[in-house]
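In what follows, a structure is listed as structure tokens, so that the remarks can point back to it.
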Amino acid sequence: MLVRILVEPGGSVQGEASVPGDKSIAHRWLILSATARGTSRLVGLPEALDVRSSARCLAAVVGAGARPRLEAWGSTPEDPDARARLTVDGRVGPGQEKGELVIEGEGRDQLHEPRGPLDCGNSGTTMRLLMGVLAASPFPCRLIGDESLGGRPMERVAVPLRAMGASVHTDHGHPPVEVHGGPLRGAHHELAEPTAQVKGAILLAGIAADGQTTVVEPARTRDHTERALRRLGAPVGQGDGSVSVSRFQHESFEAEVPGDVSSAAFLVAAAALTGGELTIRRVGLNPTRTHFLAVLDRMGVGTEQVVTGEELGEPVGDLFVARTGGLLATEVTARELPLVIDEVPVLAAIAAHAEGETRFAGGAELRAKESDRLAGVVEVIRDLGGRARVEGEDLVVEGGGLGGGRTSARRDHRLAMAAAVAALRSRGACEIDGMEWSEVSFPGFLPALRSLGARVGAA
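Here the working numbering is used: the first residue of the sequence shown is 9, the next is one more, and so on.
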């Protein structure tokens, strides 16, 4: 069902909010609980469609004890139209509750051959991380996905896994992917592009390999995989731009997934664009995920982080947004970009209303996301009456505001939410098609926005 919304300027986004559990963390903790020895308990799992894909795929390869609960969690809602309607009618939608999952793991060595292909849906994280897990499993496995995932690069994972001893085949570098695992040997990998998904896949293979496995990054990326492994007792080494692991079988654990700071970024931006004050409770504050706040500070948006605890190595706390005055342009360097890779669309939404020209340098990796986000961001801003362009690998957004108009999510959850947020400060009303895609990572996004004062409704 296509969900079209109408966003009208004039509201002020303010108050107190929470966001669904962190998607990046949830993928990794699901995998670690399914491959642990013993019974693990996860609280706060988001009902995001990508996370369901990971649960559904894991259900197909784990033992009988863990399968039923993972299958139930990974199942798609029976009435997708009803789920889509929740995004526009103002009711609190799925994903706002604290989902709990108990998983009876039997250890990594007890995974078994699935009866059919593993459908990763729209989730590149699911596919890439599972490639790393399955690289050590002595059976063939086929990983597939939707049309969008079918266009995303997978050789960047396949090449290092082959070097470790796994048999991995792709379709000219893209899904479907065939993995036939077996005994692995540790290896030294230098990544050509900074990407946490590739790093995570290699590390998950590395804890099943003989010898040491080392990953060297050209720039720092999110470190959820190594944080969790370290907290679970794995021999994780950290160097200057590198991380290494050795063979390790972890035991079961209990943890509560913190709120997704990348989802919180859209609410932060909404408050900043409308002059509101906002508090977001119990959100993940991993420093490899919060660099967008430093970028916002340069743009004139005042925020504060207060760490109140920790979950499996992840700092957790509250995020505060102060009332914002004038917005300023900035430059995000190529070295910074990997630390804000998911926040580029929402930062661009703010930049469209700033004074001056904002540049996001070295954005080639944005072309390999759920959509070509370099082109997508430009098209959305132009559709809504703003000015933006691509120069080589750089995204350039000219400030001055938006006049209003109609645009599309382009089957990309972050473009959908960035468009909705950008429209809040537009001089005229904006229509956005495809808002159902926000369910991929932020179930209940529009009800949350409305509850905080945004003027959002069905078109």
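No residue lacks a Cβ here, since even glycine has one placed at the ideal position from N, Cα and C.
Would you kindly work out how many angstroms separate the C-alpha atoms of Glu-34 and Pro-54, rounded to a whole number?
-> According to the sequence shown, residue 34 is Ala rather than Glu. Cα-Cα distance, rounded: 7 Å.
According to the neighbour-count rule (16 or more other Cβ atoms, all chains shown, within 10 Å of its Cβ), is Gly-132 buried or exposed?
-> buried
Using the Cα positions of Arg-367 and Asp-402, report the straight-line distance between them to the nearest angstrom.
-> Each residue's alpha carbon lies about 7 Å from the other.
CB contact flag (Leu-293, Val-269, <8 Å) | yes
Every unbroken alpha helix (DSSP H) within the stretch 329-383, with a cutoff of 4 residues, ordered by chain = Fully enclosed alpha helix (DSSP H) runs of 4 or longer: 352-359.
Is Leu-137 near Gly-208, with beta carbons less than 8 Å apart?
-> yes
From Leu-432, Ala-227, Leu-454 and Thr-43, residue whose alpha carbon lies closest to that of Pro-17 = Leu-432
For Leu-345 versus Gly-370, is the C-beta spacing smaller than 8 Å?
-> yes
Any idea what DSSP makes of Arg-64, helix, strand or coil?
-> helix
In chain order, what residues of the same chain lie with their CB nearer than 8 Å to the CB of Ser-83, ignoring the 5 residues before and after it?
-> Setting aside the 5 residues that flank it on each side, Ser-83 is surrounded in the same chain by Arg-60 and Arg-64, each with a C-beta closer than 8 Å to its C-beta; the list follows chain order.
How about the stretch 438-454 and the stretch 136-153: do they share at least three Cβ pairs that are nearer than 8 Å?
-> no
The beta strand (DSSP E) spanning Leu-53 covers which residue range?
-> 45-53
By DSSP, does Ser-83 sit in helix, in strand, or in coil?
-> coil
Determine the DSSP secondary structure at Pro-28, reduced to helix, strand or coil.
-> coil
Name the DSSP beta bridge partners of Cys-438, please?
-> Val-15 and Gly-413
Measure the C-alpha to C-alpha separation of Glu-105 and Gly-452 and round it to an integer number of angstroms.
-> Unreliable placement is indicated for Glu-105, whose pLDDT of 44 sits below 50; the coordinate value is still reported in the next sentence. The straight-line gap from Cα to Cα measures roughly 10 Å.
Cα separation between Ile-39 and Ser-379?
-> 25 Å
Looking only at C-alpha atoms, which of Val-352, Glu-363, Ala-376 and Gly-364 sits nearest to Val-386?
-> Val-352
Taking DSSP as the reference, what is the three-state secondary structure of Gly-325?
-> strand
Which one of Ala-204, Arg-235 and Arg-238 has the shortest CA to CA distance from Ala-227?
-> Ala-204
Return the residue from the list Ala-396, Gly-334 and Val-340 that minimises the CA-CA distance to Ala-360.
-> Put simply, of Ala-396, Gly-334 and Val-340 the residue whose alpha carbon is nearest the alpha carbon of Ala-360 is Ala-396.
Work out the CA separation of Gly-408 and Glu-285 for me, nearest whole Å.
-> 23 Å
List the endpoints of the continuous alpha helix (DSSP H) containing Arg-289.
-> Arg-289 -> not in any alpha helix (DSSP H); beta strand (DSSP E) instead, spanning 286-292.
So what's Glu-406 in DSSP terms, helix, strand or just coil?
-> strand
Between the stretch 188-202 and the stretch 217-231, do at least 3 Cβ pairs fall closer than 8 Å?
-> yes
Where in the stretch 114-154 do unbroken runs of the alpha helix (DSSP H), each at least 4 residues long, occur, reported from the N-terminal end onward?
-> 132-142
Reduced DSSP category for Gln-313 - H, G, I as helix; E, B as strand; rest coil = strand
Specify, as a first and last residue, the run of the beta strand (DSSP E) that Thr-178 falls within.
-> 175-179
Can you tell me where the alpha helix (DSSP H) with Val-251 in it begins and where it stops?
-> It is not in any alpha helix (DSSP H) - Val-251 instead sits in the beta strand (DSSP E) that spans 250-253.
Cβ pair count under 8 Å reaching 3, the stretch 417-424 against the stretch 234-245 | Contact fails: fewer than three Cβ-Cβ distances are below 8 Å.
Given that a residue counts as buried once 16 or more other Cβ atoms are within 10 Å of its Cβ, and exposed if not, what is Leu-10?
-> Exposed is the call here.
Name the DSSP bridge partner or partners of Gln-246?
-> Val-251
Buried or exposed: which applies to Val-314, given that a residue is buried once 16 or more other Cβ atoms fall within 10 Å of its Cβ?
-> exposed
Between Glu-24 and Val-324, what straight-line distance do the alpha-carbon atoms span, to the nearest angstrom?
-> Take the alpha-carbon of Glu-24 and the one of Val-324: they are about 17 Å apart.
With respect to the alpha helix (DSSP H) encompassing His-421, which residues constitute its N-terminal and C-terminal limits?
-> 421-431
Helix, strand or coil: how does DSSP classify Ser-20 here?
-> coil
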